[in-house]
Structure formats: structure tokens, C-alpha cells
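Protein sequences, first through last, are from chains A and B.
Using the numbering used here, the first residue of the first sequence is number 16, and each one after it goes up by one.
Using the numbering used here, the first residue of the second sequence is number 0, and each one after it goes up by one.
Cβ coordinates follow ideal geometry from the N, Cα and C atoms, glycine included.
Since the model is a prediction, treat every value here as computed from it, not as a measurement.
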Amino acid sequence: MNHLIKLIMVLFSLLLLTSCYDKVELEQQSYVIAIGIDKNEDKSTYSFTFQIANPEVGSTLASAGSTEEAKETITVPGSDILTATSIANSTVTKKIVLDHTKVIVASEKLAKSDDFLRIIQSISRAPQIRGNVQIIVCKEDASEFLNNNHPTMEQRPHKYYQYMLQRGRQTGLIPNADFHRFFQITEGDADLFLAIYATTIKEKAKEHSIIGGHDYIAGQIPQKGGNPTQFIGSAVFKEGKMIDIFSGQETRMSNVLDKTIQMNDLLTTYPDPIDPNYQVSVDYVQKTEPNVDIQYNKKTNHASIYVTVPFEVELIAIPSMVDYISNKDNQQKLRATIEETTENIANKLIEKSQKVYGSDPFYWSLYIRKKFKDIPAYEKADWNKNIYPNATINVDFQLKRMSFGKMFNDSKINEVRD
Amino acid sequence: MSYKPIKKNTKKQDKKSTPLNRHTSMQIKQLKEMYSHNINKDFCSRTLFANFNKKNVHLFYYASIVNSDKIEQAIVQPLLEDDGSSFPNVLTNESLKEIDTMEKVIEHINSGKVVLLSEGDCAAYSIDVSQFQHRAISQSENESVVKGPQEAFTESTHMNISLIRKQIKDKQLITTVSSVGERSKQDVTIVYISDLVNSEILKDVQERLNNIDTDNVRNVELLEQYLEERPYSIFPSIYYTERPDNAAAYIENGHIVLLMESSSACLILPVTFWTFFQSPEDRYSRFMFGNFTRMIRFIAFYLTTMISATYVALANFHSQMIPPDLLLAITASRERVPFPLLIEVLIMEVAFELIREAGIRIPSALGPTIGIVGALILGQAAVEANIISPIIVIISALSGLTSFAISDVSLNYTVRITRFLFIFAAGFMGMLTLMGAFLLWFMYAASLKSFGVRFLAPIAPSFKAPKDTLFRKAVRAELWRPTQIQPKDSKKK
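Laid out in C-alpha cells, this is it:
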């Protein structure tokens, strides 16, 4: 009994000594939703932009937040992100917490410099930032991007990013660019990392006659009205440094060929094989994963990569009104066109990645690793410099099934217009 | 079974006994003095002239607890008119007993019997003509079921036993009586099936009953507190129920039931945690339906103990675990509230307990007002006055409402006290201390025993049993009695 009393007293004093350590009331914190990072002129400092959500906007309390902005965006200089939060506290009233950060926006200028890896590294050290934070590269300065981004529907920033990125990934127009993946790929020292590419600046409308209709990068879509911010395409990172930009179509293709990425909503167009003036719109469905088969010859350090992509399509629009449904010959032609076109796009992308980048954005190094005895052997063979650029790659898209939607027969245009 | 029968006083041995002698008139005087005959109005003494032995016979009884018709028919008339050789010959009533000490005489008078003292005889006779007043059998109110028998125990041992016997027609169903209390002797009826019950436990119960050292134990509610091993524990160790069907079900599994004259409920022992968790209706409903209810009740159990504490822990220490929408909504509503979140939660929880307590004590005519006042003041006005944030109303309403799903009166208190313990624990260091408190609570529950039976059996430690714990099997698939209580016959036929 005596022991019990002592034990209780010790436990209780422990509770007193800790004195609710770490306890913070919710309303005494400011929740950062987006962080922007820019490079300053001098080397050692950066500008950090914090976009802080205003909790009172969107809440149902009648009196609350009727005139306040949904977010507050401030930019402060600093050498790393956590010290920047304390400087930001000179204007922000409450403790800045980064737990709920959804995106990190880096300017293209910073991403292309050597410093990107340094600064990103220091962010990953902070336990507050989650592994699933998405990395966005923007054409302009990150502070400018965050300040110019004025969504009209989802005014609350966390909702905006959540929906925007979710939908973008579903359609495959932007990659899955979370923090984890960045470090996995960068430290794996093979493959290319794709970050989300976005901008608020509109370019002059690009001359485009390319099939597929998704061959844009952010800023090129001649959009009218709405929020000027566009999320399409991806920034290509090699060894922690940005080297190029992929268009939406290229991003989609690399998402298709990458088994680690899931997409479910790919609407696209193909040229109409019978009537070249029109396009056929289809819903591309990837029911089974692509098969990546790598044959590796140790002596010559040469790899042959065979990729088979089984897919299905559902025709959603045939503006030319050619009969693809009951006419088998036409159907054959269409099938051939679809497979061929897709393969062309893939082959172009692969060629570019082999010749220009010397590495792949498809995370294919995963499938060759098991062919080596140990990690040093794999590192010595060097996927990026030796294996991939010289590999023989054969991509085979196999259209397994074509379905025609709800209606079989189109209106007979000749009969309608007589 | 590792098992320690309690050692306590053996005071009963030095009990006085005064044998009756032939000086009847002296003893009559003594008795009358003892019962304050001249001021105690319902104490009756009558003198009759017995026909068969031509002597005076003195009758003593309490008028208020006997049936006077019965006295006339079974005692007065035979004595006055009938012939015979001895008292048992003349008084043919089945409860006639010969008694030989003064103490017995007093005890019998007190328990509603008529005691006869015959002039010059050194023995007395008692006849049971008691008629204690009690309620008729009514519906079970605190443990109501939709599907199942509706009768509840009432304040009469006789009727209660009859309600049990109605369900178990077994010659081995035994009802023995022990008396407790020094000044006022009360009968405790022990009901069990003799070829099922674990005789060690039965012996222990009887010993404990004998060792109760107090003036008076009026009913089973008090008896429970005299019997239990740990009076300071937050877990109950004896099951209290007002349903005879429930009692019968436990008796059939080898448990022991205690009844008392002035209680409309019984005590069942030994029991486990699951006993308190279950409702008889779980078994009356079909397999799927019964288990669905159990699942709901388990969710309710979790919510009522944990939800407020979890909210405190998450909001104060782990805001990163709250989804942003909810987080911002809570933050917005908290911005105008003057109290820390922990206090806010406590205000509402205490308020809810207040309503609950007041709701029980309030005269039933005023009942509806409590709902209006409670709902208005706590729900709406407090939020509008910025004293609490709306989410707290949801949290405390949820934890309060779900506590009603734990229908057992004893476990209900356990759960409500636990909730407060957990809220405080969560307020110290968040999830860490909450989990710590939960572990301690759980370990304590696992360490408990009810009359030698582990509280979390038959799950931990595992026993052959119907496995009627969190979920139950189909009734046909139950092959065993709960062997954690070690019944004499462990297989169900």
C-alpha cells in the first residue's frame, strides 16, 4: 500500500512537471496551407511566402468573418523555412504551424539552380512538413504565384489545392509530386522526378495543331474567364535540379508508363482515320497495369526493355459521323490509328528522355534493380548514364476493347440535311 | 482457481442462548417488557384457554405483519375447539415449529410468526402466518426490452422465487436461506442449481454472508456493498438485475443468485465484464440482430469513454491529425470562447451530468421542463453567449447519449467516471497520457476478480465458454457453460 502511494505520487509529480508540455490551443495557431520559396539575389537567403488560411471564412457562424479575406499571404526573407516563420511572426499574430501545408511552391528560377536541393533538404528535416506535400514549380516567382492565385469558387486555400491537385492527378495532366517521391527518386540517383508545373501568367496563345489536344504547358491554354492559374504539365528534375518542362500530354504519357502512378480519368482525342479533318474523342481506360519486362545483359551492360500496355477505350464523340460501330473495316482502321498514335507519343517521349535527359521519368529503374547482386553493383552499372540511354526500348500499346457508349447509331447527317 | 476465502471475525460463536423454562408467567412478563407492550401498539399478546390440555396458551405476534384470518383459522379455532394429545396434533398448520430458547422466540416474532407459550411448558411453538405487504409484479422499468418477458422482480422473496421457478423446473434448483444482521435479522435467499454450482464459490458466499457484521442489511442493494471484495473499485463485481429471466439464465449456467425480501432485484455472482455489457435482449434477438445490437453498444461504449478525451488530446496536442476543414471550423468557433478547450469540455460534461442527475431526482410532474431548460440553456444559449463552441455541444451530447446505451446501472457509473479520468489524462500530454490512462484502466480491469473469477474471462484468460462476450454465437452452437466459474457440469446438453 505504501508503495502504491509512492508510485501514485511519483506519477502525479511527473504530470505536474510536464505541465501540459506541448499544449497549444487551436485558436492560438495560424495554419499555413502553401509555402512559396524564391531565390534572392544574394546566395544565402531566400524569400519565403506563407499562405495562411483564415479559419473564420467559410464557417457558419453568423457574425464571423463576413468581411475578412479567406487567406493571408506574406513574404519574408530567411535562410530556412523554420526561422522564416519566426520572422513572419512580426506580422502574423499567432504561432505559425506548418502541419497542414498542402503544397510547396518553388519558382522556376530556384528549381533550375543548384540551391533547390539544399533548401528542400532543410524543409524535410522539419517534422512539421508531411511527406505528402506536393511540390509545385511555377514559372514566375513563388510569391507572385501565391499572391495572384485568386480562385473564385474555392476561396479557402486548402480546399482549392486539395481539389485542384486531386483532379489534376486524376486526369493525368499533372504528376504525383509528393515530397517522399522527390527524395526517393533523387536519392535513388536514377530516373527523373516530375514536379507539378503551374503558373498564373498567361502566354500568348501557342500555335497548336498537335493531336491529342493536351500538348500544353501551364500558361499556354487560351482560357478566358475564371482564375488565371493553370496547373498542367510537369517540371522535370534530374538529380535534384530542374532541367526541362513536360507538356500535359507528355506528363500523361509518363504517368501511363509509370506503374507507381494511378490515374482514372483520361479523356483524349485521336485523329479520325477516315476523315482527317476531325478528331475522335475517347475515354482511355487502363484496367490492368502495364507490363515492364527488362532483359539485362551483364557483360555488355545493355538492357532491352519491353513495355506492354493493355488498354481499353470508350468512344465518346465522333464528330465526323463516320460509322465505326457497325463497319468492321472502319473499326480496324480506328484501332490501328489509336494504337499507333499512342505508341508514337510514347516513343517520342522515350527517345527524348534517352537522348536529351539520359534518364527516364517512368521509374523503370525499379525493375532492373533485382537483376543485380547488391547495391554497389547496381550503382556501378549506372542506370542514368549507361543503361538507360543505350537501352533498346520497345513499347507496345494493345487496345483490348473498344466500346461505343450509350448510343450506337449517330444521326444520319445526309437525311437530316436534305 | 486461486481463491482466498475472506478471513474475518467468527463472532457468531459467543451468541447467548437462554433456554425456556417452566416459569411461563415470568417469561411472559419478560417478553412483554422486551417488546414495550404498553406503548408498542402493534405488538399483540392474547391468552386463550386450550381445549385439549385445559391450560392457558399465550399468543405473541405483530399485528401489522401477520394475516389475522389465518390466526383465527389455524390457531385460535383449533385451540378452542379441537381435541388432541399435543400441540402438533391440534395445530395442523405445516409451518408449526417447536422452539426452545428465548432468542428464537424473539426472532420468530420479529419475522411475522405467531409464538405460542403454553403454561408450564418449557417449549414454545411458532406458526408462520406472516403477511408482509408488497407491490404486485410489474413491468421491468430500468432494463426494458422490446422482445422478451416483461415481468420484473418485486419486493417479496416468495414471489421472486416463484418467478424464477416458473422458468427453471428443475428439482435441483435450491433456495437456501441465510440470515444477516445482528439487531434485525434479515433473510437472504441463495438460489442455485445444486449439481451445477461451484461449491467453493457457494461456500465462500455463505461465509461472507455469515461474516457480515452489522445491525441490519435491509436489501440487496446494501448487501451488494457488504459482499463485494473491493468497495473502492470503479468496476462493479456483482451483477444487479431486476429481471427474473436474466436471473434464471445465469442460474442455469451455474451462477448464484441472492434475493432479499425488500428488494425488487437480485444479485448475481460471480460475473465478468461481459455480463454488465450485455442485455438479455441480445440473446432473445436472432443471431444477426443480437450481434448487431452488441456492435452498436460496443461503439457506444467506445464513444462514451473516449470521444471527449480524444477531442481534447487532438485539439490541444495533435492539431495535425485533424482534417483541415474540421480544424478551421473548430478554430473559427473557438476564437470567441474565453476558456481553454479542456475547461470547455469539462463545463459541458459536468452540465450534462447535472441534467442527468436532476432528471432522475425531479418529481415526474416536472420532468418535461428539464428537457426544455437543458436543451435551451446548454445547447443554444451557451453557444450564442460564446461560452462554449458549438462542436463541444456535439461532442458532449454524443458522449452523453451513447452512455445510455450501457444499460447496466453499475457499469454506467464506471463508464461515466472513466470518461472524466480520460479527459483529464488527455489534457496532460495528449494521446500519450490518454493511452497511458487507458492502459492502466485496462490493466486494472484485467487484474480484478469477482469471487475468484477473472473480470475479463473467458477472453483473457481464455476458458471454454459459450464465448458470449462481445459477440455471441448462434444459440445452437453453444456447447459449453462458462467454465471460468467452474460449474460441476461444464457441457450443455
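Taking the C-alpha atoms as reference points, what is the distance between residue i and residue j?
{"i": "Ile-144 of chain A", "j": "Ser-59 of chain A", "result": "22 angstroms"}
{"i": "Ile-394 of chain B", "j": "Ile-306 of chain B", "result": "7 angstroms"}
{"i": "Asp-193 of chain A", "j": "Ala-205 of chain A", "result": "17 angstroms"}
{"i": "Ser-84 of chain B", "j": "Asn-52 of chain B", "result": "8 angstroms"}
{"i": "Ser-224 of chain A", "j": "Leu-281 of chain A", "result": "Model confidence at Ser-224 of chain A stands at a pLDDT of 46, short of 50, so the residue's coordinates are unreliable; what they give is reported in the following sentence. Approximately 20 angstroms, taken between the alpha carbons."}
{"i": "Lys-367 of chain A", "j": "Gln-181 of chain A", "result": "28 angstroms"}
{"i": "Val-322 of chain A", "j": "Tyr-382 of chain A", "result": "11 angstroms"}
{"i": "Gln-26 of chain B", "j": "Leu-19 of chain B", "result": "8 angstroms"}
{"i": "Val-114 of chain B", "j": "His-36 of chain B", "result": "15 angstroms"}
{"i": "Val-452 of chain A", "j": "Tyr-299 of chain A", "result": "This structure cannot speak to residue 452 of chain A, because chain A is shown only from 16 to 433."}
{"i": "Pro-70 of chain A", "j": "Arg-171 of chain A", "result": "9 angstroms"}
{"i": "Ile-329 of chain B", "j": "Val-372 of chain B", "result": "26 angstroms"}
{"i": "Ala-314 of chain B", "j": "Ser-402 of chain B", "result": "23 angstroms"}
{"i": "Lys-217 of chain A", "j": "Asp-375 of chain A", "result": "29 angstroms"}
{"i": "Ser-44 of chain B", "j": "Lys-54 of chain B", "result": "16 angstroms"}
{"i": "Arg-184 of chain A", "j": "Asp-273 of chain A", "result": "13 angstroms"}
Answer with buried or exposed for residue i, where buried requires no fewer than 16 other C-beta atoms within 10 angstroms of its C-beta.
{"i": "Pro-230 of chain B", "result": "exposed"}
{"i": "Arg-453 of chain B", "result": "buried"}
{"i": "Thr-266 of chain A", "result": "buried"}
{"i": "Gly-370 of chain B", "result": "exposed"}
{"i": "Phe-48 of chain B", "result": "exposed"}
{"i": "Lys-117 of chain A", "result": "buried"}
{"i": "Lys-454 of chain A", "result": "Absent from the structure is residue 454 of chain A, since the part of chain A shown begins at 16 and ends at 433."}
{"i": "Phe-27 of chain A", "result": "exposed"}
{"i": "Ile-321 of chain B", "result": "buried"}
{"i": "Met-0 of chain B", "result": "Residue placement at Met-0 of chain B is poorly supported in this model, since its pLDDT is 43, which falls under 50; the coordinates are not used for a value here."}
{"i": "Pro-493 of chain B", "result": "Because residue 493 of chain B is not part of the residues shown, which for chain B are 0 to 492, the question remains open."}
{"i": "Ser-24 of chain B", "result": "exposed"}
{"i": "Pro-323 of chain B", "result": "buried"}
{"i": "Lys-54 of chain A", "result": "buried"}
{"i": "Gln-245 of chain A", "result": "buried"}
{"i": "Val-196 of chain B", "result": "buried"}
{"i": "Thr-303 of chain A", "result": "exposed"}
{"i": "His-22 of chain B", "result": "exposed"}
Based on the DSSP output, what are the partners of residue i in its beta bridges?
{"i": "Asp-259 of chain A", "result": "A:Val-251"}
{"i": "Ala-504 of chain B", "result": "Residue coverage of chain B in this structure runs from 0 to 492, which leaves residue 504 of chain B outside it and unanswerable."}
{"i": "Glu-327 of chain A", "result": "A:Val-300, A:Arg-416"}
{"i": "His-57 of chain B", "result": "B:Thr-46, B:Leu-116"}
{"i": "Ala-332 of chain A", "result": "A:Ser-296"}
{"i": "Phe-381 of chain B", "result": "It is worth fixing the name first, because residue 381 of chain B is Ala in this sequence and not Phe. DSSP output for Ala-381 of chain B lists no bridge partner at all."}
Do residue i and residue j have their C-beta atoms closer together than 8 angstroms?
{"i": "Ala-248 of chain B", "j": "Pro-269 of chain B", "result": "no"}
{"i": "Gly-435 of chain B", "j": "Val-311 of chain B", "result": "no"}
{"i": "Leu-414 of chain A", "j": "Glu-354 of chain A", "result": "yes"}
{"i": "Thr-13 of chain A", "j": "Pro-237 of chain A", "result": "Examination of residue 13 of chain A is not possible in this model, given that chain A is present from 16 through 433 alone."}
{"i": "Ala-68 of chain A", "j": "Ile-48 of chain A", "result": "yes"}
{"i": "Ile-111 of chain A", "j": "Ser-158 of chain A", "result": "no"}
{"i": "Tyr-403 of chain A", "j": "Leu-207 of chain A", "result": "no"}
{"i": "Thr-82 of chain A", "j": "Thr-64 of chain A", "result": "no"}
{"i": "Ile-320 of chain A", "j": "Ala-406 of chain A", "result": "yes"}
{"i": "Asn-92 of chain B", "j": "Ala-73 of chain B", "result": "yes"}
{"i": "Thr-90 of chain A", "j": "Ser-62 of chain A", "result": "yes"}
{"i": "Ser-335 of chain A", "j": "Asp-290 of chain A", "result": "yes"}
{"i": "Ser-155 of chain B", "j": "Ile-126 of chain B", "result": "no"}
{"i": "Ile-391 of chain B", "j": "Glu-343 of chain B", "result": "yes"}
{"i": "Thr-417 of chain B", "j": "Ile-233 of chain B", "result": "yes"}
{"i": "Ile-360 of chain A", "j": "Gln-235 of chain A", "result": "no"}
{"i": "Val-251 of chain A", "j": "Leu-209 of chain A", "result": "yes"}
{"i": "Asn-189 of chain A", "j": "Val-148 of chain A", "result": "Note that residue 189 of chain A corresponds to Ile in the displayed sequence, not to Asn. No, the pair does not count as a contact, with Cβ atoms beyond the cut-off."}
May I ask whether a heavy atom of the ligand MN can be found less than 7 angstroms away from the beta carbon of residue i?
{"i": "Gln-166 of chain B", "result": "With respect to the ligand MN, the structure shown offers nothing to examine, as it has no ligands at all."}
With a threshold of 8 angstroms between beta-carbons, can residue i be considered close to chain E, or not?
{"i": "Tyr-46 of chain A", "result": "No chain E is present in this structure, whose protein chains are A and B."}
(message) Any contact between the segment 126-134 of chain A and the segment 100-107 of chain A? By contact I mean 3 or more CB pairs, one from each, below 8 angstroms.
(response) The answer is no - the segment 100-107 of chain A does not touch the segment 126-134 of chain A, with fewer than three Cβ pairs under 8 angstroms.
(request) Answer yes if the segment 389-399 of chain A comes into contact with the segment 420-430 of chain A, meaning at least three C-beta pairs across the two stretches below 8 angstroms, and no otherwise. (result) Fewer than three beta-carbon pairs drawn from the segment 420-430 of chain A and the segment 389-399 of chain A are found closer than 8 angstroms, and the two stretches are therefore not classed as touching.
(message) When you compare the segment 354-366 of chain B with the segment 299-317 of chain B, are there three or more beta-carbon pairs, one atom per stretch, that lie closer than 8 angstroms?
(response) Fewer than three Cβ pairs drawn from the segment 354-366 of chain B and the segment 299-317 of chain B lie within less than 8 angstroms of each other, which leaves the two stretches out of contact.
(request) Examine the Cβ distances between the segment 205-219 of chain B and the segment 456-473 of chain B and report whether three or more of them are shorter than 8 angstroms. (result) Contact check between the segment 205-219 of chain B and the segment 456-473 of chain B: fewer than three CB pairs, one atom from each, fall below 8 angstroms, which does not count as touching.
(message) Counting beta carbon pairs with one atom in the segment 175-189 of chain B and one in the segment 233-252 of chain B, are three or more of them shorter than 8 angstroms?
(response) The segment 233-252 of chain B makes no contact with the segment 175-189 of chain B; the number of CB pairs closer than 8 angstroms stays below 3.
(message) Does the contact criterion of 3 or more C-beta pairs under 8 angstroms hold for the segment 114-128 of chain B versus the segment 146-162 of chain B?
(response) Contact between the segment 114-128 of chain B and the segment 146-162 of chain B is absent, with fewer than three C-beta pairs closer than 8 angstroms.
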